[in-house]
Amino acid sequence: MKDAESHSPSVVRLNIGGKKFCTTTDTLTQREPDSMLAAMFSGRHTLCLDSDKAMSNSGYVFVDRDGKHFRHILNWLRDGVVPTLEDSEYNELLREAEYYQLLGLIDGINTVLNKRKEDDDLHTELTRTDIIKCIQSDKVRFRGVNLSGLDLSKLDLSFVDFSYACLKNVFFSRANLQCAKFRDVDAEASIFHNATLRECEFTGANLRGALLAGACLQSANLQDACLVDCSFCGADLRSAHLQNADLTNANLEGAVLEGANLKGAKLNNANLKGANLQRAYLRHVNLRETHLEGAKLDGANLLGAIR
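Taking UniProt numbering, the leading residue of the sequence shown gets 1, the next gets one more, and so forth.
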């Protein structure tokens, strides 16, 4: 067997970063004919088999890459099946597939990763009915729970602890969320339209693209929150804590920010037209790219503000 293999023109021995593999030219050329491996072994190019260059010991063609995932690459070339791996391993395999120019494998990996992301976003651990049953008891906590996509509109969720939960695309419209905790939640694109959020805690929360138009956020704590692309049109943010919040591209037209603390807030391209900023704390805030037409600034602390 050893002599037959060594003299067979279809057998290829590979040394990938110190790991040795044996395959055939058909495997390396047929499934991905435009790949680097196919180009190397299709006969279109002459391989230099000098023992000091392309060859390592015992007739192995050496490729200077990490051989950890090369077996997955060979199995893909053999049967066209994307292996089942952890996401971190997929990222490593993706780099190798890109190096070898295996376009089919790249597409296959990306399809798997996108499907996993969609499944994670859609999978929720509780239903609206479960939530209603839970809130009938005291000291309700949904810390770290995935509630993405649920309709929780019009419910009384006051004092509920949602800290660290995944709340993407959740409907909280007209819900009573007074004193609820949303610390470090991921509530991207969630709907809080006309919700009561008085004295809520959103410290460090991701609310990118969320709709909070008409919401009551009096004395709410939004420090260090990501509020990029949020809509606060007509929202009540009196005495709200917005220190270091990122309000880039946020729409606060007509919002009431009387007495709000915006120290260190980012207001790049924020729309504050017609907003009430009376007695608001805006010291050293960069307002140069902020739209303030018609805004009320009576009594606002603008010491050192960039305008």
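Just so it is clear, CB atoms sit at the ideal spot from N, CA and C, and this is done for glycine as well.
Is the distance from the Cβ of residue i to the Cβ of residue j below 9 Å?
i, j, result
"LYS181", "PHE162", "yes"
"ASP224", "ALA245", "yes"
"GLY214", "ALA189", "no"
"ASN75", "PRO83", "yes"
"ILE131", "LEU113", "no"
"ALA38", "THR29", "yes"
"GLY67", "ARG13", "no"
"LYS266", "LEU247", "yes"
"ALA270", "VAL256", "no"
"PHE171", "LEU157", "no"
"ALA295", "LYS273", "yes"
"SER239", "GLU258", "yes"
Could you spell out where the alpha helix (DSSP H) holding residue i opens and where it closes?
i, result
"LEU37", "36 to 41"
"THR27", "25 to 29"
"ILE135", "Looking at the DSSP string, ILE135 is not in any alpha helix (DSSP H), and its letter there is neither H nor E."
"ILE16", "Looking at the DSSP string, ILE16 is not in any alpha helix (DSSP H); the run it does join, the beta strand (DSSP E), is 11 to 16."
"ALA305", "Premise fails: ALA305 is in no alpha helix (DSSP H) and is neither H nor E."
"GLU92", "87 to 99"
"ASN75", "70 to 79"
Using a Cβ-Cβ cutoff of less than 7 Å, which residues in the same chain neighbour residue i once the five nearest sequence positions on both sides are dropped?
i, result
"THR196", "ASN176, LEU177, GLN178, CYS216"
"LEU85", "LEU93"
"THR27", "LEU74, LEU77, ARG78"
Express the C-alpha separation of residue j and residue i in angstroms, rounding to a whole number.
i, j, result
"LEU211", "ALA97", "41 Å"
"ALA250", "LEU227", "7 Å"
"GLY241", "ASP34", "According to the sequence shown, residue 241 is His rather than Gly. Those two C-alpha atoms are separated by around 57 Å."
"LEU291", "ASN276", "A small fix is needed here, since residue 291 is His in this sequence, not Leu. Approximately 13 Å between the Cα atoms of the pair."
"PHE232", "HIS193", "9 Å"
"SER88", "GLY304", "46 Å"
"THR129", "ARG283", "47 Å"
"TYR100", "ASN146", "38 Å"
"ASP184", "LEU207", "10 Å"
"PHE142", "PHE41", "57 Å"
"ALA187", "LYS117", "16 Å"
"ASP52", "GLY18", "Note that ASP52 has pLDDT 41, beneath the 50 cutoff, so the model's placement of it is unreliable and no number is given."
"VAL285", "ILE191", "28 Å"
"GLU293", "LEU302", "16 Å"
"THR127", "LEU102", "42 Å"
"PHE159", "ILE135", "10 Å"
Tell me which same chain residues have a C-beta within less than 6 Å of the C-beta of residue i, skipping the five on either side of it?
i, result
"GLU199", "CYS179, SER219"
"SER56", "Reliability fails at SER56, whose pLDDT of 42 lies under 50, so the model's placement of it is uncertain and the value that follows must be treated cautiously. Taken in chain order, the residues that qualify are ASN15, PHE62."
"GLN243", "GLN223, ASN261, LYS263, GLY264"
"ARG307", "LEU287"
"ASN221", "GLU201, THR203, HIS241"
Quick one: what's got a C-beta closer than 8 Å to residue i's C-beta in the same chain, skipping five residues either side?
i, result
"LYS298", "Sequence check: residue 298 is Asp here, not Lys. Result list for ASP298: GLN278, ARG279, in chain order."
"ILE109", "VAL82, TYR90, LEU93, LEU94, ALA97"
Which first and last residues belong to the beta strand (DSSP E) in which residue i is found?
i, result
"PHE62", "61 to 63"
Handout entry: Every unbroken beta strand (DSSP E) inside the stretch 135 to 175 [3 residues or more]
Key = Within the stretch 135 to 175, not a single complete beta strand (DSSP E) segment reaches 3 residues in length.
Handout entry: Uninterrupted alpha helix (DSSP H) stretches inside the stretch 248 to 274 (no shorter than 4 residues)
Key = The stretch 248 to 274 contains no whole alpha helix (DSSP H) run of 4 or more residues.
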